[in-house]
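Read the structure below first, then the notes.
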Amino acid sequence: MSEAEDPPWSVAWTGEQAFRVQPSADFPGKLELDQKQARGVGQPIFAAVHVTRQRRGMVDLLCHVCGEPTAPGDRYIFPTASGGLVTLHDGSQQYGCNVPPMHRACAERARAACPHLSRLAEKPLSCGDDEGRLIERTDVTPGLEAIAAQLPKDAPVVLSCYRLYGDALTRSVLEARAEWEAAARERRGMRP
Numbered sequence: 280m281s282e283a284e285d286p287p288w289s290v291a292w293t294g295e296q297a298f299r300v301q302p303s304a305d306f307p308g309k310l311e312l313d314q315k316q317a318r319g320v321g322q323p324i325f326a327a328v329h330v331t332r333q334r335r336g337m338v339d340l341l342c343h344v345c346g347e348p349t350a351p352g353d354r355y356i357f358p359t360a361s362g363g364l365v366t367l368h369d370g371s372q373q374y375g376c377n378v379p380p381m382h383r384a385c386a387e388r389a390r391a392a393c394p395h396l397s398r399l400a401e402k403p404l405s406c407g408d409d410e411g412r413l414i415e416r417t418d419v420t421p422g423l424e425a426i427a428a429q430l431p432k433d434a435p436v437v438l439s440c441y442r443l444y445g446d447a448l449t450r451s452v453l454e455a456r457a458e459w460e461a462a463a464r465e466r467r468g469m470r471p
């Protein structure tokens with residue numbers, strides 16, 4: 280089944296392009312951007328993640344592909360395709376990811392169907408028992424610039440969130456990225 284026939288759960292659809300600001304249940308005392316829920320209405324917008332489903336996926340550790348809960352032994356990410364290193368106040372760095380985790384089977388399905396992931400030829404990486412620490416984002420994330428211009432100016436609004444992972448998973452991500460980059464260099468060197 281292709282991505283166009285079965286888009287990931289967290290993808291936004293053209294029929295969902297209405298937004299509102301509401302009190303946040305996940306980040307007490309803050310406001311959050313909420314997006315209309317009408318999954319399957321219109322056409323999928325593969326370049327746009329649904330704001331509310333992204334947050335639900337991150338908060339509740341729901342699968343990015345199918346929307347069902349992930350378990351510690353079946354929670355995967357693509358460390359090169361998503362996330363990055365976050366510099367902490369002490370100068371150290373930890374891996375932060377803004378894409379909800381996936382079940383192993385869903386990650387393999389995504390890798391086969393997603394044009395971006397299939398070009399990277401990246402293997403999914405297990406998160407193990409590390410759930411990460413949930414961090415809200417009130418800065419304007421790519422794709423939300425026009426919406427952000429209409430938000431209240433007197434209070435920060437949570438637009439998205441990410442998980443900041445511990446030292447062991449950060450090391451695993453760095454190792455996986457180094458392996459992927461070495462393999463990519465080797466593939467390029469093999470071409471005429």
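What the sequence shown shows, in the numbering used here, is residues 280 to 471, in sequence order. Positions of the beta carbon are idealized from the N, C-alpha and C atoms, including for glycine.
Contact check, A291 vs K315, beta carbons under 7 Å: Taking 7 Å as the Cβ cut-off, A291 and K315 do not qualify as a contacting pair.
Q429 in three-state terms, based on DSSP: Note: Q429 maps to coil in three-state DSSP.
Status (buried if at least 16 other CB within 10 Å, exposed otherwise) for L312: Its Cβ being crowded by 16 or more others within 10 Å, L312 is buried.
L341 - partner residues in DSSP beta bridges: When beta bridges are read from the DSSP output, L341 appears opposite P348.
Separation of E401 from R467, as counted between CA atoms: When rounded, the distance between both Cα atoms is 15 Å.
Span separating the alpha-carbon of P323 from that of P286: P323 and P286: Cα-Cα distance of roughly 7 Å.
Buried/exposed call for P431, threshold 16 Cβ in 10 Å: By the Cβ-count criterion, P431 is exposed, with fewer than 16 other Cβ atoms from all chains shown falling within 10 Å of its own Cβ.
Close-in-space but distant-in-sequence residues of the same chain around D353 (CB under 6 Å, 5 per side omitted): The answer, listed in chain order, is H382, R383.
Backbone secondary structure at T366 - three-state DSSP: Residue state for T366 is assigned as strand, using DSSP reduced to three classes.
C440 versus V320, H329, L399, residue with shortest Cα-Cα distance: Ranking V320, H329, L399 by Cα distance to C440 puts H329 first.
Selection from Y355, L367, L399, V338 that minimises the alpha carbon distance to A304: Nearest option by C-alpha distance: V338.
Limits of the unbroken beta strand (DSSP E) element including A291: A291 -> beta strand (DSSP E) spans 290–292.
Status (buried if at least 16 other CB within 10 Å, exposed otherwise) for V320: That one is exposed.
Between the CA atoms of G422 and S289 - distance to the nearest angstrom: Taking the straight line joining both Cα atoms gives about 15 Å.
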